[in-house]
Each structure stands twice: as structure tokens, then as C-alpha cells.
Amino acid sequence: MIKVGIIGGSGYTGGELIRILLHHPEAEIDFVFSTTRAGKKVTTAHADLLGTTEMEFTGTVNPDVDLVFLCLGHGNSSKFLQENEFSKDTKIIDLSNDFRLQAHAVFEGKEFVYGLPELKKEAIKKANYIANPGCFATAIQLGLLPLAKENKLGNTVHINAVTGSTGAGVSPSATSHFSWRNNNVSWYKPFTHQHLGEINESLKSLQPNSGELFFLPNRGNFTRGILATAYTEFDGSLEEAVKLYKDFYADALFTQIAEEPIHLKQIVNTNQCHIHLHKHGNTLLITSAIDNLLKGASGQAVQNMNLIFDFEEAAGLNLKAGVF
Numbered sequence: 119m120i121k122v123g124i125i126g127g128s129g130y131t132g133g134e135l136i137r138i139l140l141h142h143p144e145a146e147i148d149f150v151f152s153t154t155r156a157g158k159k160v161t162t163a164h165a166d167l168l169g170t171t172e173m174e175f176t177g178t179v180n181p182d183v184d185l186v187f188l189c190l191g192h193g194n195s196s197k198f199l200q201e202n203e204f205s206k207d208t209k210i211i212d213l214s215n216d217f218r219l220q221a222h223a224v225f226e227g228k229e230f231v232y233g234l235p236e237l238k239k240e241a242i243k244k245a246n247y248i249a250n251p252g253c254f255a256t257a258i259q260l261g262l263l264p265l266a267k268e269n270k271l272g273n274t275v276h277i278n279a280v281t282g283s284t285g286a287g288v289s290p291s292a293t294s295h296f297s298w299r300n301n302n303v304s305w306y307k308p309f310t311h312q313h314l315g316e317i318n319e320s321l322k323s324l325q326p327n328s329g330e331l332f333f334l335p336n337r338g339n340f341t342r343g344i345l346a347t348a349y350t351e352f353d354g355s356l357e358e359a360v361k362l363y364k365d366f367y368a369d370a371l372f373t374q375i376a377e378e379p380i381h382l383k384q385i386v387n388t389n390q391c392h393i394h395l396h397k398h399g400n401t402l403l404i405t406s407a408i409d410n411l412l413k414g415a416s417g418q419a420v421q422n423m424n425l426i427f428d429f430e431e432a433a434g435l436n437l438k439a440g441v442f
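Residue numbering for the sequence shown follows the working numbering, beginning at 119 and increasing consecutively.
Next up, the structure:
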């Protein structure tokens, strides 16, 4: 059993990590750090864990844990690491965007590997420090990487994706307030979303001349999940595209190619990404769906932990979708 620490355990991603790790066969939670709830029971933030754990949040860290997850707001992970020193043997998985881009991947001598298993599995296995991908970035990359691998992403790509309110984090805001979000849909950050940087770096690592991405993110009136649609020109047949995708993901435990059109309920509460392909004339439509808190955050982080420590890749992640 490895000992794991969670920094920022009162938020959505911290809560999901606690839920997964409490039942993980190879990992034990050593501490859950929170600046706002130190000394209070974990169940004060995550009431669904009542009867499952008696753990309390702490305001101190154990620097000698085997692994620490950083579930902090963007820009806060680097600050936390400057103020708190861990053992040289402690692995780090960061769920913020602080270290995802190549320009920021080395921090105080620590080299962070981009943690998208479908793209970087072998590098992740050898890594000590992981930059966990963003949720939109995960859904969109998994939808487009097979085309880039075969040098078939040279044309413009139009992307429209809708996300649940949990993607905005646990702190309430004007656009995550129930009265505003319910029975409502809106776009935000048109063509400038921060996840475009990591998406482009991944795609261009496979196809340097990949086409321009036009990404329009939307706020949905639901809590969990991302449904992303992308379309671009594709010269081959639908059958050729399906084979291309199935070949690319042949060894990917959590990415499946669906024969029928997909929807959010089939992946919410799981670490799965489901992809569906549709051809219209010379245009290929790629639809991908993930749970933003699991495959888009905490589930993928545990998947990376499993790879780093040579555990079964699916350990702790055999989760059930809430279809009904």
C-alpha cells in the first residue's frame, strides 16, 4: 500500500479523489489538507461519505508520503510547492493548469510530464511529476489525436463543447448559481479558452502542420459531464475513419469507439471516454463524451497514479454510470 496525500480536499476534484482512494486496493489516504476546513470531518464537505470515513481535514502535510495530489485553483499549485517541501521520493500529480504547457513543465528542478495516458503512457510510467490534463482538453484531444497521428488533421477544425456546472469549481459564481444555470445555456471564452494551449501542443507533437482550432465552450444546465463535437474535412470513408480510431485506441482501457450516437449519461460517474464518428459528404463529425470530474480530472489522476506505481491501470476505477 502506498500512502497518499490530497491537497485541497474540500473541492469537487478533491472529493472525487477521496471517494476513489477510499476503495483503492493499493493506496491509503494519509492526510487530506484544507486551509478552510482543518479540524473538521471530511463529511462536512462531502456528506455522501457519511458512514464511509471518519477522516478529518488537516492543516499540516506529511512530507514523506509516496504521492501527493494537488487539487488547487489554477496558479496555486506552484505557490503551494514553493511554501511546502516534500521528500525527493514523493511523486506529485497536479490537477491545475500550472505545469501543463511545455514552457512551464520544469518547476524548481521538477520536470512535469503531461498526463494524458492515451498519448504519453510510457513517459507517465517513468515520471515522478505529472501535470494532469484539463477536462475540455481531455475530451477534445481524445477526439482528435487519431487524425493527427495519421497526418489527417491539416484542415480547420470547428469544436463545440458543453460542460456541467462542476467544471467551474466548488466556489459559487454568477454563472454557476442554480437560478441562473437552470433551464439555461450560454457560451463563454469564445475561441480563446485556456485549454487550447495544451490541446495544440499535443496535436502538433503528432502532426506539426495540424489545422487551426476554433473552439466554442458552452455552459450546460446540468452538473457533470462534457459533450464535445468537432468537425473537419476528411477524404476517407467512414469505415476508414472508424478503423483509424479503433487502431489508435486498441490498447486504451478507458476510451471506446461507439457504433451508435453517444450521450452524457453513459459516461457520467465513470473514467470512460466514448467517441462516435459520423460522415457527411467530405466532413467528419467526431463526438466525444467524458465526466469532467473523473476522466477530465480525478479519475485520470488515479489512472496516472496506477501507471506510475505499476498497479493495474483500472485499479479503483471500475465505476458505474448512472444511466437512469
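In this text, a Cβ means the ideal position worked out from N, Cα and C, and glycines have one as well.
With residue i and residue j assumed to form a contact (beta carbons below 8 Å), what rounded beta-carbon distance in angstroms separates them?
i: residue 155; j: residue 195; result: Their Cβ separation, rounded to whole angstroms, is 19 Å, which puts residue 155 and residue 195 out of contact at 8 Å.
i: residue 184; j: residue 209; result: 7 Å
i: residue 279; j: residue 344; result: 6 Å
i: residue 262; j: residue 314; result: Not confirmed; about 12 Å, so no contact.
i: residue 193; j: residue 212; result: The pair is not a contact, with the Cβ atoms about 12 Å apart (cut-off 8 Å).
i: residue 135; j: residue 419; result: 7 Å
i: residue 172; j: residue 159; result: 7 Å
i: residue 138; j: residue 416; result: 6 Å
i: residue 362; j: residue 275; result: Not a contact, Cβ separation roughly 16 Å.
Go through its chain and collect everything with a Cβ distance to residue i's Cβ below 7 Å, but skip five positions before and after it.
i: residue 235; result: 242, 421, 422 and 425
i: residue 190; result: 125, 126, 198 and 214
i: residue 351; result: 273, 400 and 401
i: residue 265; result: 271
i: residue 306; result: 335 and 337
i: residue 339; result: 299, 300, 301, 302 and 303
i: residue 295; result: none
i: residue 411; result: 130, 131, 134, 284 and 342
i: residue 222; result: 216
i: residue 162; result: 155
i: residue 200; result: none
Within a Cβ cutoff of 6 Å, which residues of the same chain sit near residue i, ignoring the five residues on either side of it in sequence?
i: residue 152; result: 127, 128 and 175
i: residue 182; result: 205
i: residue 257; result: 344, 346, 406 and 408
i: residue 394; result: 376, 379, 380 and 405
i: residue 324; result: 266 and 267
i: residue 228; result: 247
i: residue 441; result: 383
i: residue 146; result: 119 and 121
On the CB-based measure, 16 or more other CB atoms within 10 Å of its CB, does residue i come out buried or exposed?
i: residue 270; result: buried
i: residue 165; result: exposed
i: residue 428; result: exposed
i: residue 388; result: buried
i: residue 252; result: buried
i: residue 220; result: exposed
i: residue 392; result: buried
i: residue 398; result: exposed
i: residue 289; result: exposed
i: residue 202; result: exposed
i: residue 149; result: buried
i: residue 373; result: buried
i: residue 238; result: buried
i: residue 259; result: buried
i: residue 316; result: buried
i: residue 250; result: buried
i: residue 177; result: exposed
i: residue 450; result: Lying before the first or after the last residue shown, residue 450 is absent from the chain, which here runs from 119 to 442.
i: residue 169; result: exposed
For residue i, which residues does DSSP report across the bridge?
i: residue 188; result: 125 and 212
i: residue 331; result: 275
i: residue 244; result: BP columns for residue 244 are empty, so no partner.
i: residue 363; result: Looking at the DSSP assignment, residue 363 forms no beta bridge with any residue, so it has no partner.
i: residue 393; result: 375 and 406
i: residue 398; result: 401
i: residue 342; result: According to DSSP, residue 342 bridges with nothing at all.
i: residue 304; result: 337
i: residue 229; result: 224
i: residue 201; result: Per DSSP, none; premise fails for residue 201.
i: residue 159; result: 174
i: residue 146; result: 121
i: residue 349; result: 276 and 403
i: residue 151; result: 125 and 176
i: residue 249; result: 212 and 232
i: residue 310; result: DSSP, once it has assigned bridges, lists no residue as partnering residue 310.
i: residue 281; result: 337 and 344
Only counting the same chain, and skipping five residues up and downstream in sequence, which positions put a Cβ closer than 8 Å to that of residue i?
i: residue 292; result: 298
i: residue 141; result: 434
i: residue 341; result: 282, 283 and 284
i: residue 385; result: 343, 391, 392, 407, 408, 409, 413 and 439
i: residue 224; result: 230
i: residue 240; result: none
Mind checking if residue i is an interface residue toward chain B, Cβ cutoff 8 Å exclusive?
i: residue 208; result: Judged by its chain identifiers, the structure shown contains no chain B, having just a single protein chain.
Count Cβ pairs between the stretch 353-361 and the stretch 294-312 that sit closer than 8 Å; are there 3 or more? The stretch 353-361 makes no contact with the stretch 294-312; the number of CB pairs closer than 8 Å stays below 3.
Touch check for the stretch 358-371 and the stretch 304-319: three-plus C-beta pairs under 8 Å? Cβ pair count under 8 Å is below three, so no.
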